[in-house]
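Here's the structure, in structure tokens; my notes come after.
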Amino acid sequence: MQFKYKINHLLSLLPAGVYPESVIAQLEFTYQVPSKIFFSDRYILIDQEEEIPFDRLSIYAQIFGVGVDDLMTRKPALT
270 MQFKYKINHL LSLLPAGVYP ESVIAQLEFT YQVPSKIFFS DRYILIDQEE
320 EIPFDRLSIY AQIFGVGVDD LMTRKPALT
């Protein structure tokens, strides 16, 4: 199972002392992104048609300190 976005991976790379709960709180209170939306965004599979809107991707990129392109998982090329 491969996810379309690297959100879970980036959560696992958070520095010591920074917990996913603090990221979720920041999303809710600073950016008004409900935790339910964040949880569903984390588990979009690579083959699903669903996309995260660019404005929300930009928020996630800012929180994790990466570019928007760095959030996306590339589909393997068929050879």
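Just so we're on the same page, the numbering used here is the position in the sequence shown counted from 1, plus 269.
Beta carbons are placed, not taken as given, at the ideal position from N, Cα and C, and that holds for glycine.
Among the options, which one has its Cα closest to the Cα of residue i?
i	options	result
Phe-333	Lys-275, Val-302, Ile-321	Lys-275
Phe-307	Val-337, Glu-318, Tyr-329	Tyr-329
Is the distance from the Cβ of residue i to the Cβ of residue j below 7 Å?
i	j	result
Asp-310	Ile-293	no
Thr-342	Ile-315	yes
Leu-326	Val-335	no
Val-302	Leu-296	yes
Leu-280	Pro-289	yes
How would you call residue i, buried or exposed, if buried means at least 16 neighbouring beta carbons within 10 angstroms?
i	result
Leu-282	exposed
Lys-273	buried
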